[in-house]
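A short worksheet on the structure shown next.
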Amino acid sequence: MKNKIIVLNLFIVLLVALSFSVLAIINGMTTDKSVRLGDKTKYEIGVKLEEGWNLIIDGTPDLTQNRIYAVDSDIRSDNINAIYGYDTKNERDVLISPNGDNFKIQAWSATFAQNENVFSSAFWVYSDKAGYLRYAPDEYILDLNQRQLFAGWNFVALTPEFTGKRFGTLKGTCDVIKTYLYNNEITPSHPTPNWLEIPDTGSFTKGTEGKGIIVKVSGDCKLGSTTSSMQELPILPN
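What follows is the structure in structure tokens.
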């Protein structure tokens, strides 16, 4: 009987450990060093979707192919009803799927052709149910300091480089006018999705990895970590 209790306790410990391991992957993004390529990285992504519109990382046509989904993903390709990108240069939404406008897609992609920035953008994705989306897209995501923004609104994907940092330290060369996160989590106290403004002092948590923000800038620029220059030694009193 004692041995059975020990075995049962070990089973419970293993089950709890496994649960935490799975949750760690579901909430956020994992990096495989073997898929690091220059100044970009390929991620396994886990993000919570709500029923309706979601602003998330890498909503490219890959999301229409079940081969990229993890076996325990709640969301599958048939749950994705529509995918839109945002064309900053022409200030318009671009339908990616289903039956995307190839002319608009090509014009939009050409804007990012030199630095593959399109894959580091956030996309509008419509899901017909709530649940965890776990997938491993083929595209590489650019490092933060390689991401080009253009005058106007930009859709920016949140990667591990943002986690635990204040937005004010990540603006690089950008003169940021406004920044918002789309809060679409529905609760009794929050029955309708809305935009949450992110101040310079606002920090990003692990739970925001894989989601997207919109950033309005005054001119073309690049994101990146900013550090304050060291001040001179204090002057001694008279």
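First residue of the sequence shown: 697, per our numbering; consecutive thereafter.
Backbone N, C-alpha and C fix where the C-beta goes; we use that ideal spot for every residue, glycine too.
Measuring straight from C-alpha to C-alpha, what distance separates ASP896 and GLU746?
27 Å
8 Å contact criterion, which ASP754 and ALA853 should meet: CB distance rounded:
7 Å
Below 8 Å between beta carbons: does that hold for LYS738 and GLN844?
no
Tell me whether ILE837 is buried or exposed, calling it buried when 16 or more other Cβ atoms sit within 10 Å of its Cβ.
buried
Cutoff 7 Å; reference ALA847; Cβ partners in own chain excluding five residues on either side:
VAL913, SER914, GLY915, ASP916
Candidates ASN750, ARG732, ILE764: closest to ILE741 by CA position:
ILE764
Count the other CB atoms, across all protein chains shown, that sit within 10 Å of the CB of ASP824; report buried if there are 16 or more and exposed otherwise.
exposed
Alpha carbon to alpha carbon, how far is GLU835 from LEU932?
56 Å
Measure the C-alpha to C-alpha separation of THR875 and PHE815 and round it to an integer number of angstroms.
20 Å
Go ahead and pull the three-state DSSP assignment for VAL814.
helix
Name the DSSP bridge partner or partners of VAL767?
VAL767 pairs with nothing; no bridge assigned.
Determine the closest residue to ILE909 out of ALA778, VAL872, VAL731, SER769, with distance taken between C-alpha atoms.
VAL872
What number of angstroms, rounded off, separates the C-alpha of GLY748 from the C-alpha of ARG772?
15 Å
Which runs of the beta strand (DSSP E) at least 3 residues long sit entirely within the region 874 to 917? Give them in chain order.
890 to 893, 908 to 913
In this structure, how does DSSP classify THR869 when only helix, strand and coil are distinguished?
coil
According to DSSP, simplified to helix, strand and coil, what is LEU733?
strand
Where THR883 and ILE894 are concerned, what is the direct C-alpha to C-alpha distance, given to the nearest angstrom?
21 Å
When you compare the CB positions of GLY868 and ASN841, do they come within less than 8 Å of one another, or not?
yes
Determine the direct distance from the alpha carbon of TYR878 to that of SER899, and round the result to whole angstroms.
15 Å
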